[in-house]
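A.B. asks: Mind looking over this structure? Questions follow.
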Amino acid sequence: MTTATEHAIGGAVPRQRRGLAAMAHDSWVVARRNLRRMTRIPEIVVFGLMQPVMFVLLFSYVMGGAITIPMAGASSNIYTQFLMAGIFAQTVTFAVAGASAGIAEDMTKGLVDRFRSLPMTRSAVLVGRTLADLVQTAFTLLVLALVALAVGWRIHNGVLRMLAAFALLLLLGYAFSWIGALIGLSVRSPEAATSAGLIWLFPLTFISNAFVPISSMPGWLQPVAYWNPFSATVQACRNLFGNQIGPVDKAWPMQHAYGVSIVSSLIVLALFSWLSVRKYRSAAG
Amino acid sequence: MAPAIQAENLVKTFGDVRALDGVSLDVPEGTVLGLLGPNGAGKTTMVRVLTTLLRPDSGRATVAGVDVLKHPNRVRSLIGLSGQYAAVDEYLTGRENLQMVGELYQMTGRAAKARADELLEWFNLDEAADRTAKTYSGGMRRRLDLAAALVVRPPVMFLDEPTTGLDPRNRLALWEVIETLVEQGTTLLLTTQYLEEADRLAHDIAVVDHGRVIARGTADQLKAQIGGERVELVVHDRALIETAVEALKSFAVGDPSVERNTRKITIPVSGGARVLADVIRELDSRRITIDDIGLRRPTLDDVFLSLTGHVTSGEAEENERAGGGEDAEAKR
Numbered sequence: 001m002t003t004a005t006e007h008a009i010g011g012a013v014p015r016q017r018r019g020l021a022a023m024a025h026d027s028w029v030v031a032r033r034n035l036r037r038m039t040r041i042p043e044i045v046v047f048g049l050m051q052p053v054m055f056v057l058l059f060s061y062v063m064g065g066a067i068t069i070p071m072a073g074a075s076s077n078i079y080t081q082f083l084m085a086g087i088f089a090q091t092v093t094f095a096v097a098g099a100s101a102g103i104a105e106d107m108t109k110g111l112v113d114r115f116r117s118l119p120m121t122r123s124a125v126l127v128g129r130t131l132a133d134l135v136q137t138a139f140t141l142l143v144l145a146l147v148a149l150a151v152g153w154r155i156h157n158g159v160l161r162m163l164a165a166f167a168l169l170l171l172l173g174y175a176f177s178w179i180g181a182l183i184g185l186s187v188r189s190p191e192a193a194t195s196a197g198l199i200w201l202f203p204l205t206f207i208s209n210a211f212v213p214i215s216s217m218p219g220w221l222q223p224v225a226y227w228n229p230f231s232a233t234v235q236a237c238r239n240l241f242g243n244q245i246g247p248v249d250k251a252w253p254m255q256h257a258y259g260v261s262i263v264s265s266l267i268v269l270a271l272f273s274w275l276s277v278r279k280y281r282s283a284a285g
Numbered sequence: 001m002a003p004a005i006q007a008e009n010l011v012k013t014f015g016d017v018r019a020l021d022g023v024s025l026d027v028p029e030g031t032v033l034g035l036l037g038p039n040g041a042g043k044t045t046m047v048r049v050l051t052t053l054l055r056p057d058s059g060r061a062t063v064a065g066v067d068v069l070k071h072p073n074r075v076r077s078l079i080g081l082s083g084q085y086a087a088v089d090e091y092l093t094g095r096e097n098l099q100m101v102g103e104l105y106q107m108t109g110r111a112a113k114a115r116a117d118e119l120l121e122w123f124n125l126d127e128a129a130d131r132t133a134k135t136y137s138g139g140m141r142r143r144l145d146l147a148a149a150l151v152v153r154p155p156v157m158f159l160d161e162p163t164t165g166l167d168p169r170n171r172l173a174l175w176e177v178i179e180t181l182v183e184q185g186t187t188l189l190l191t192t193q194y195l196e197e198a199d200r201l202a203h204d205i206a207v208v209d210h211g212r213v214i215a216r217g218t219a220d221q222l223k224a225q226i227g228g229e230r231v232e233l234v235v236h237d238r239a240l241i242e243t244a245v246e247a248l249k250s251f252a253v254g255d256p257s258v259e260r261n262t263r264k265i266t267i268p269v270s271g272g273a274r275v276l277a278d279v280i281r282e283l284d285s286r287r288i289t290i291d292d293i294g295l296r297r298p299t300l301d302d303v304f305l306s307l308t309g310h311v312t313s314g315e316a317e318e319n320e321r322a323g324g325g326e327d328a329e330a331k332r
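Next up, the structure:
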């Protein structure tokens, strides 16, 4: 190796950025790193896309004929209209898996140690990761929307309301990626993180109005599905897309879907970001 | 001069395991302390406490005069850490890895880029700079990891088994880098399982076992602790062993030992090479032919054996299996 004559001893210059500015800067550096990784491992993005796209195709063509929507009969095209809000919402919750696997991997590979030994904002590792996941989620939603349009999905309330629906979806996805962050910090391997990140999402997203009308479920299950905060986001999107068929269910959370959706996403976001940052710090000492 | 690293009575337990059992250390500015011990001895836990990654149960520590427990973020801007496994992002290029670290040390984008270029050149990674670290060999990754620890030219560095798993050529190259850093005044705490490494790089050695420092001193002091030098020789003719022992009695400072089947005689001596020459002359004058002769000083291996009652290498592997849980615990 060549000799370094100019390797003078220094130490980092005192940081000029403080508080929020420091957090924004460090989070951006970490987010950029995670976005770069995504471009280098396109499989992750592609497989992240394949699952929801497959669901759109399978549900509209295979199940669509069998699932009846009240007031609309059994037309598969009608079911596609009903289905899309549910698929979109389920897709954004899968951001959990990306965040948990990514953070678990950083933990096992020693990168988190590197970050923790640097004079950076403690929460930036997690904020940067979840922001990168948000970008990936937005990209996935965009592609999914194009696929949905191709199989006959239509919006009826204009572009602005559609964008409002996507904003609700992204808020939900961002909140959920913090659940993923906590899982990633808690488990011991990326593999465990992936399954721990996904397994509970199936009951959560299926015991809801995402794929079938709640009125078709057994009576004891219906309150669970109505009060499942995930159902509120699906209902809110269905309203905004103009995909609601017939009157909205009488249950209180369905009648107040926008509020329930936003408030529950914010609660999840606040609770899990607090828990995750605390866990990251406490492990850091 | 105030010590660059000072630890007082550090204790850290993981369940029933006392990973650190009251460790006190000080490393004067500009010197290298080698923490020598088998896996599971507590070396990594020590480094993690001093680099703010882990909070001890009790005790206190300062690095570059800054309290590790009270002002961890100030400590972080004064230290560089390079660990056992190269902590680089394998999907980023070498250059991107170093730039990211620089920016997280709060350098400006431009300064981080310039420093990355400098380090890539110094570590002979300039040609591989724009390839992802995934394509790097083990030695290159380790170099990149060490370069990442040097981004801000930290006055105090912690190297946790920097050469474990490297081939001899890469190990030598890394030693040269480390020696350059020390020449330039960096204070260094180095953990190692390799006696040779501690012997070559460290001014001072602390032998650690079961979370305690069981010996401290320079390599020579440690060697002297377990006794002096000895002359070992192999007599050609078995029948002349007794004659040879008799002839050498005047040089011995203790009891000679004899292994009859290998025809080897060992006599404790003092006086170094001069004694060796005298011994040869004496044997020659009595026409006793020898097949082999040498002056042997105790090695750090001998030191380790006498201090801990076990050898390093075999024990290290055993501990790796037994103490794996503790290491995994320490990482969390």
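Chains A and B, in that order, are what the protein sequence lines are. If you read the first sequence in UniProt numbering, its first letter stands for residue 1, the second for the next number, and so on. If you read the second sequence in UniProt numbering, its first letter stands for residue 1, the second for the next number, and so on. Backbone N, C-alpha and C fix where the C-beta goes; we use that ideal spot for every residue, glycine too. Bear in mind the structure is a predicted one, so any value in this text is a computation, not a measurement.
Would a check of beta-carbon distances place G48(A) closer than 8 Å to chain B?
C.D. replies: No, no contact with chain B.
A.B. asks: Work out the CA separation of F82(A) and N243(A) for me, nearest whole Å.
C.D. replies: Approximately 6 Å, taken between the alpha carbons.
A.B. asks: Just verifying my parser: in three-state terms, what is the DSSP assignment at Q255(A)?
C.D. replies: Three-state result, Q255(A): helix.
A.B. asks: Could you have a look at M120(A) and say whether DSSP puts it in helix, strand or coil?
C.D. replies: Reduced to three states, the DSSP call for M120(A) is coil.
A.B. asks: Under DSSP, the alpha helix (DSSP H) around E118(B) begins and ends at which residues?
C.D. replies: Here the alpha helix (DSSP H) through E118(B) covers G109 to W122.
A.B. asks: Quick check: the Cα distance between L144(A) and V53(A), rounded to an integer number of angstroms?
C.D. replies: In a straight line, the C-alpha of L144(A) is about 6 Å away from that of V53(A).
A.B. asks: Under the three-state reduction of DSSP, which class applies to A219(B): helix, strand or coil?
C.D. replies: Three-state result, A219(B): helix.
A.B. asks: Can you tell me whether S137(B) is helix, strand or coil according to DSSP?
C.D. replies: Three-state result, S137(B): coil.
A.B. asks: Would you mind sorting T2(A) into buried or exposed? The rule is 16 or more other CB atoms within 10 Å of its CB.
C.D. replies: Here T2(A) scores only 45 on pLDDT, less than 50, and its place in the model should not be relied on; the value that follows carries that caveat. So T2(A) counts as exposed.
A.B. asks: Leaving aside the five residues before and after G294(B) along the sequence, list all residues of the same chain whose C-beta is less than 6 Å from its C-beta, in chain order.
C.D. replies: If we look at G294(B) and ignore the five residues flanking it on each side, its Cβ neighbours are E232.
A.B. asks: Going by C-alpha to C-alpha distance, which of I214(B), I288(B), A129(B) and R95(B) sits closest to V235(B)?
C.D. replies: For the residues I214(B), I288(B), A129(B) and R95(B), the minimum Cα distance to V235(B) belongs to I288(B).
A.B. asks: Using DSSP bridges, identify the partner residues of L10(B).
C.D. replies: Note: L10(B) sits in a beta bridge opposite V23(B).
A.B. asks: Assuming E232(B) is part of the beta strand (DSSP E), what are its boundary residues?
C.D. replies: R230 to V235 is the extent of the beta strand (DSSP E) around E232(B).
A.B. asks: Locate the alpha helix (DSSP H) running through L198(A), then write down its first and last residues.
C.D. replies: Unbroken alpha helix (DSSP H) run through L198(A): P190 to L198.
A.B. asks: With a CB to CB cut of under 6 Å and the five nearest residues on each side skipped, what residues in its chain are close to V96(A)?
C.D. replies: Hits under 6 Å: F176, I179, G180 and G197.
A.B. asks: Is it right to say H25(A) is buried, meaning 16 or more other beta carbons lie within 10 angstroms of its own, or is it exposed?
C.D. replies: Classification for H25(A): buried.
A.B. asks: Return the residue from the list L150(B), S257(B) and R286(B) that minimises the CA-CA distance to T266(B).
C.D. replies: Of the candidates L150(B), S257(B) and R286(B), the one whose C-alpha sits nearest the C-alpha of T266(B) is S257(B).
A.B. asks: For R131(B), which option in A87(B), E196(B), R216(B) and Y91(B) has the closest C-alpha, if you only look at C-alpha atoms?
C.D. replies: Of the candidates A87(B), E196(B), R216(B) and Y91(B), the one whose C-alpha sits nearest the C-alpha of R131(B) is Y91(B).
A.B. asks: Determine which residues share a DSSP beta bridge with T140(A) and list them.
C.D. replies: Note: T140(A) sits in no beta bridge, so no partner.
A.B. asks: Got a sec: is the Cβ-Cβ distance from M140(B) to anything in chain A below 8 Å?
C.D. replies: It does not; no Cβ of chain A falls within 8 Å.
A.B. asks: Mapping the DSSP letters down to three states, classify E90(B) as helix, strand or coil.
C.D. replies: Three-state DSSP puts E90(B) in coil, outside helix and strand.
A.B. asks: Apart from the five residues just before and just after V208(B), which ones in its own chain have a Cβ nearer than 8 Å to its Cβ?
C.D. replies: Excluding residues within five positions, the ones whose Cβ falls inside 8 Å are V23, L35, L36, G37, A41, G42, K43, M46 and I214.
A.B. asks: Is the number of C-beta pairs between the stretch 136-153 of chain A and the stretch 218-236 of chain A that are closer than 8 Å three or more?
C.D. replies: At 8 Å Cβ cutoff, the stretches do not touch.
A.B. asks: Can you find a CB in chain B that lies within less than 8 Å of the CB of L118(A)?
C.D. replies: Judged by the 8 Å Cβ criterion, L118(A) is in contact with chain B.
A.B. asks: Alpha carbon to alpha carbon, how far is L20(B) from L50(B)?
C.D. replies: Each residue's Cα considered, the two are about 12 Å apart.
A.B. asks: At what residues does the beta strand (DSSP E) containing F94(A) begin and finish?
C.D. replies: Counting along the chain, F94(A) falls outside any beta strand (DSSP E), and DSSP gives it neither H nor E.
A.B. asks: Tell me which residues share the same chain as E308(B) and place their Cβ nearer than 6 Å to its Cβ, disregarding the 5 neighbours each side in the sequence.
C.D. replies: Here the sequence assigns Thr to residue 308(B), which means Glu is not the residue at that position. Closer than 6 Å at Cβ, skipping near neighbours: D209.
A.B. asks: Which chain B residues are close to G110(A), counting only those with a beta carbon under 7 Å from its beta carbon?
C.D. replies: Correct list: G83, Y85 and A87.
A.B. asks: Report the start-end ranges of each beta strand (DSSP E) in the stretch 33-80 of chain A that is 3 residues or longer and not cut off at the edges.
C.D. replies: List check, beta strand (DSSP E) in window: nothing returned.
A.B. asks: State the DSSP-derived secondary structure class of D204(B), mapped to helix, strand or coil.
C.D. replies: Of the three classes helix, strand and coil, the one that applies to D204(B) here is strand, per DSSP.
A.B. asks: Is it right to say Y136(B) is buried, meaning 16 or more other beta carbons lie within 10 angstroms of its own, or is it exposed?
C.D. replies: Buried, since its Cβ has 16 or more Cβ neighbours within 10 Å.
A.B. asks: Is S77(B) close to chain A, meaning its C-beta is less than 8 Å from at least one C-beta of that chain?
C.D. replies: True, the Cβ-Cβ gap to chain A drops below 8 Å.
A.B. asks: Under 8 Å between C-beta atoms, does V101(B) make it to chain A?
C.D. replies: Interface residue, yes.
A.B. asks: Going by CA-CA distance only, name the one from L166(B), T187(B) and E127(B) that's closest to P155(B).
C.D. replies: Measuring from the Cα of P155(B), the nearest candidate turns out to be T187(B).
A.B. asks: Given a threshold of 16 other Cβ atoms within 10 Å of its Cβ, counted over all protein chains shown, does S58(B) qualify as buried or as exposed?
C.D. replies: Looking at its Cβ environment, which holds fewer than 16 other Cβ atoms inside 10 Å, S58(B) is exposed.
A.B. asks: Of all the CB atoms in chain A, is at least one closer than 8 Å to the CB of N73(B)?
C.D. replies: Cβ-Cβ to chain A under 8 Å: yes for N73(B).
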